[in-house]
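Below is one structure, written out as structure tokens; comments come after it.
2 protein chains.
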Amino acid sequence: MRLRALGLPRWQRGRDLVCRQTLFQHSTRTVLCASQRRAYATPVEPPQQLKNDTREKVVILGSGWAGYVLSRHLDPKKYRVLIVSPRSYFVFTPLLNDTTVGTLEFRNVLESVRKRNSKVEYVQGWADDVNFVDKFITVEPSVLDPDVGHALTGPRKVNEERTNDVLERTLHAGGTSKTQVPTFPVSYDKLVIAVGCYSQTFNTKGVRENAMFLKDVRDAQAIRRRILELFELARLPIIPEETKRYLLHFAIVGGGPTGMEFAACLSDLIRDDISRLHPQLLKYIQITLYDVAPKVLPMFDASLADYAVKQYKRQNVQIKTSHDVEELRKGFPNDPEARQNQANQVKGRVYTIRTKQEGDVGIGLCVWSTGNKNNPFIEKALNHVRRFPVRSAQITQGGATAVENPNTRQWIIERDARSGSLLIDDHFRVNLTTDAAIDAEVNGDPDHGHDPQPHAYVKDVFALGDATKLKSGALPATAQVANQQALWLAKALNKYPDPEAFAQNKGFTFRNLGVFTYIGGAKAVLQGPPVSGRGGNGNGNGNGGVASKASGLNFRGWIAFLLWRGAYLTMTLSWRNKFLVPIQWVAVKLFGRDVSRF
Amino acid sequence: MRLRALGLPRWQRGRDLVCRQTLFQHSTRTVLCASQRRAYATPVEPPQQLKNDTREKVVILGSGWAGYVLSRHLDPKKYRVLIVSPRSYFVFTPLLNDTTVGTLEFRNVLESVRKRNSKVEYVQGWADDVNFVDKFITVEPSVLDPDVGHALTGPRKVNEERTNDVLERTLHAGGTSKTQVPTFPVSYDKLVIAVGCYSQTFNTKGVRENAMFLKDVRDAQAIRRRILELFELARLPIIPEETKRYLLHFAIVGGGPTGMEFAACLSDLIRDDISRLHPQLLKYIQITLYDVAPKVLPMFDASLADYAVKQYKRQNVQIKTSHDVEELRKGFPNDPEARQNQANQVKGRVYTIRTKQEGDVGIGLCVWSTGNKNNPFIEKALNHVRRFPVRSAQITQGGATAVENPNTRQWIIERDARSGSLLIDDHFRVNLTTDAAIDAEVNGDPDHGHDPQPHAYVKDVFALGDATKLKSGALPATAQVANQQALWLAKALNKYPDPEAFAQNKGFTFRNLGVFTYIGGAKAVLQGPPVSGRGGNGNGNGNGGVASKASGLNFRGWIAFLLWRGAYLTMTLSWRNKFLVPIQWVAVKLFGRDVSRF
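Right under this line is the structure:
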């Protein structure tokens, strides 16, 4: 989900859109250009058989763990479900790593949002804005967006082709401004925001441009292609020894489960397949994992993490903790020309990673996996509530003024001060509060400040998954959490369609089912739930780890590996993939991984 | 295979390279720049365990039906086999159509040239030139070439990134000219030219830029993506009715087996899957197949072809024969602005196909399949034999002068006057003759003209597959022919490594095994071999069809379909794919085609 207009940096675009939107809502429609009006005037959802449909319409933003799982579990007899998401499929992320090396195929870990027997509707687009009062969202189509399928890291360079492109000829064949981004409104009865996060780069120099990420299927595809390409390059008789060493040095940044599992998969590929296909290259290969922290896999007990680190050493994966990556650039290490003249650099041959501790190191590929950062949709589009949604919102506390005429106040969406995530209650409802500073300015009335800070929740707007933080305490940004949240919300909405009854329902509690990570060589580490049986909720460390470290049932080695595979098979995958994934495992066992590169 | 240097159109590049090469061979080495010398000075093949290798080295150019099959059947005890090909895999072309709609996955029809247990070596690159005297070829790496995996149609626009890119920094880190294309030599004992053909566009306006082809796996990938994209686009609420009709109009040009099978696969996809996923779009869908000839499937008996055409009609595929396509462009039909201003056209939304008979028609996708055209490597690089390979060539006829001192003549490679294909004898040897015109000019001796035209064959250079024509008569450019040729050559070389014995061996004859085509709806047409049992060789129609039309055993309908599937399963595919293809067929039957688009 994302904001965009006319060549401005994304956050400015966001602001711009919000402004235009505000005008619109205050019914100064004349300000809008003709094409814009036409877009807005389009009937929201025309299908005829739905005209007599009395079901409530639930619009879900996002097709990740939270959004997809929720859509599958909402009762189609009670709800008409519409997913709005830039990508038309769900990625089974725990197995995405396996596709980067060919242990699984890409489609084995994808579930199309459109399915033969599913009643879920779908629109492919980015949500640009939400109108809480009139209950609609604004959607920008993403069908032709080349970024879809890749991890997103922040505002992009404006793509010439896209700005005077995409749909506007189709839309405005009559011939209005070519720079108008086409959008259209989609109405909702209930809205669920499950847009997830972008990838964090900490603004490290060159990372956005030169690193590969591991969040979506096209990332995995690009990595697989690159790995095989590097070996093919290194086989050319004209490549000098030193360059081979650079090309076959694989760097991974981030010692969380994603980075560690990728290292494990890569080392499997090299041991099982590359060793037979390119035996003469083995001596050049190096895998290095960098982490800024003193310890990898922080969510595991020390004994399990130590066991994992030992296994990695045996597989020739160097783990360099307490290393700060300062830059990632194209070109050879210690090449002053390259450092000066980035623009002239050739694309994609040798890269250089620079750490504070070691300086320049030549590499062929850098996979970057250092966690999440906030989605611009959350950060910008949901910044201000332009009009207080009187009918949808329930004021829970606040000064007399707030209750009497809430629209005299500038309401904002409650969010975590540190991370900017949406702060939600245990019913996943979006909460509102007022911006004291803006209030004072707008109303010229400093007295508002003396009232208790008003609070409200929106009855028909929910948020869950990585983009949110529970008021009762942060949960890790994992598939397990998003999955449980979605299941809870689906069950609660199916049982209590009415907001009042829903509000009476007991809130969500997270049940920590443990955490596991594949560590290569058919081994895994598996840390069971803490002995208390539940927990986690309310005492999270907030940064990718499962909270409680009280010793539960732990497994390691091949037993953990078997449990790991078994667990995944029983999970969210469709019957198609439940059928194909084990077959693919057998095929890899029998015939090796497929190394065709295309 | 292809020629390239420094921003010239390809054929000029070819010429340029040839000239430089000629200089080099006449040992005016000082003309070459430093980097060039370095590239040439690189030891040809260093692996140590091969230094004592006494086997003959067979270099195969190409990894298609001819090259790949040959490489698998040459005896590794007798030959060291090296494939040089721009793409690192073999495509099982008869099933490529199935991957465009998801009936099979891409990797199901690919065989990597590098295999775990194979002794075949491989270098990923384009052959640029052949030196018949010193017995080496010149190779330009293609590892990073973005064109690899796509059908090639002719000289490309110069890719900025590629020209100052690819490998030269890696190569010439010292810092010589950035525009030098790196090449390296590869020596051979026997050379097999199996480079195949490019795709024919007849220079129809806009086809190269706007059509999709169906020759390689990335073509299939692009088509699959585009088909699903068009349906997703048409589902957006902002797309007007008329535009939906354009977007969902699929045009296919070429009524040969490839075009017809693609139409069949597309209609299967629509009937089985799209009808359930997008029922509201069915009314907009149209499939039209254009052919300039009055009849499609010309290689089949009239009764089978008529049956096929009837089936297509039932599947709502319109077949428009005797239609001349004049242009394919981006933009809406009958839009004067679009016709004027191609550069401003938006990319890839609606296309317009213009035929002489019907004028402009709006479409969403055009798949172009009108046969083969000559490979520039065949056309240009092999144009002149700079020095007569005295030791390798056997002069079979010719004037006394030719035999006494063949280097006084300008020898050329014998080729078909009309198509430019290499003209080969029934042992697949490349043949030489002299260029009378050049001879006269060089020697100032018109008497040469009175001698019988000299002829020779090269004992250690073979050619087979689509790029060749047998002297005894053209065979169709099919997988069946290339496959049989490769098997014959492998067997003959394994049995008679010595050229003299090889020459005594009985030549190749083609055994027509019949021809079949899938026509959709689990039906096929299968025309058995002509009653005489053999034939074809010598009476081909030369243009994609199997020659003889004497009535043999014909099948049609689902029986032909079952035979068709069974036949493919027993063919060239590896055990991996023999295992995975039927499973994929079952999965599609049970769960439908996968429609994830990424």
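Chains D and E, in that order, give the protein sequences.
Numbering follows the numbering used here, in which position 1 of the first sequence is assigned residue number 997; successive positions increment by one, without gaps.
Numbering follows the numbering used here, in which position 340 of the second sequence is assigned residue number 1336; successive positions increment by one, without gaps.
All C-beta atoms, glycine included, are put in the ideal place defined by N, C-alpha and C.
Under 8 Å from the C-beta of L1576/E: neighbouring residues of chain D: I1579 and A1583
Residue range of the unbroken alpha helix (DSSP H) whose run includes G1121/E: No alpha helix (DSSP H) holds G1121/E; the beta strand (DSSP E) holding it covers E1117 to N1127.
is_contact[S1592/E, chain D] using C-beta, thresh 8 Å: yes
Partners in chain E for F1180/D, counting only beta-carbon separations shorter than 9 Å: L1232, P1233 and I1234
Under the three-state DSSP convention, the category Q1360/D falls into: Note that residue 1360/D corresponds to Gly in the displayed sequence, not to Gln. Looking at G1360/D - three-state DSSP - the assignment turns out to be coil, as it is neither helix nor strand.
Contacts around I1266/E, its chain only, beta-carbon distance under 7 Å, and the 5 residues preceding and following it disregarded: I1281
Contact list for Y1085/E against chain D, beta-carbon separation under 8 Å: S1592, R1593 and F1594
Cα-Cα separation, R1345/E to T1430/D: 45 Å
Through-space distance from N1104/D to V1477/D, alpha-carbon basis: 22 Å
Contact set for N1155/D: own chain, Cβ-Cβ below 6 Å, skip 5 residues either direction: Unreliable placement is indicated for N1155/D, whose pLDDT of 42 sits below 50; no coordinate value is reported for it.
Alpha-carbon spacing of N1508/E relative to M1295/E, whole angstroms: 12 Å
Extent of the continuous alpha helix (DSSP H) run through Y1347/D: First-last for Y1347/D: Y1347 to T1351, but that is the beta strand (DSSP E), not the alpha helix (DSSP H).
Within 8 Å, strictly: CB atoms of E1228/D and Q1353/E: no
K1240/E versus T1134/D: straight-line alpha-carbon distance, rounded: 22 Å
Option nearest E1375/E by Cα separation, candidates R1383/E, L1418/E and Q1390/E: L1418/E
Sequence ranges, beta strand (DSSP E) only - wholly within the region 1222–1277 of chain E, length at least 3: 1245–1249
Short CB-CB distance (under 8 Å) between L1057/E and chain D: no
Start and end residues, beta strand (DSSP E) containing S1067/D: Per DSSP, S1067/D belongs to no beta strand (DSSP E); it is in the alpha helix (DSSP H), W1061 to H1069.
Beta-bridge pairing of G1553/D - partner residues as DSSP gives them: A1520/D
Validate contact between the region 1408–1417 of chain E and the region 1355–1362 of chain E using beta carbons, cut 8 Å, 3 pairs: no
Identified DSSP bridge partners for P1181/E: T1134/E
Same chain, Cβ closer than 6 Å to G1250/E, neighbours up to 5 away in sequence not counted: S1365 and T1366
CB contact check: Q1120/E to chain D, cutoff 8 Å: yes
For F1587/E, the first and last residue of its enclosing alpha helix (DSSP H): W1571 to F1587
Per-residue contacts from W1061/E into chain D (C-beta, under 7 Å): Near W1061/E there are no residues of chain D at all, since even the closest Cβ is about 16 Å away, more than 7 Å.
For V1109/D, the first and last residue of its enclosing beta strand (DSSP E): Where V1109/D is concerned, there is no enclosing beta strand (DSSP E), given that its DSSP letter is neither H nor E.
Residues that W1571/E contacts on chain A, provided the C-beta gap is smaller than 9 Å: As a matter of chain content, chain A is missing from the structure shown, whose protein chains are D and E.
Close beta carbons around L1378/D, own chain, < 6 Å, minus the five adjacent residues each side: I1409
Residue-chain proximity (G1145/D, chain E), Cβ-Cβ < 8 Å: yes
Spatially closest choice to G1252/D from P1493/D, W1122/D, N1368/D and Y1118/D, by CA coordinates: N1368/D
Whole-number beta carbon distance between M1256/D and I1515/D, since they are thought to touch under 8 Å: 7 Å
Neighbouring residues, chain D, relative to P1090/E (Cβ below 7 Å): Simply none; closest approach about 17 Å.
Those residues which DSSP pairs with A1146/D across a bridge: Residue 1146/D is actually His in this sequence, not Ala. Its beta-bridge partners do not exist; DSSP assigns none.
Bounding residues of the alpha helix (DSSP H) (the contiguous stretch that carries A1304/E): A1298 to R1310
Expected contact under 8 Å - CB spacing of F1594/E and Y1085/D to nearest Å: 7 Å
Stretch-stretch touch, CB-based, cutoff 8 Å, three pairs: the region 1081–1097 of chain D with the region 1199–1206 of chain D: no
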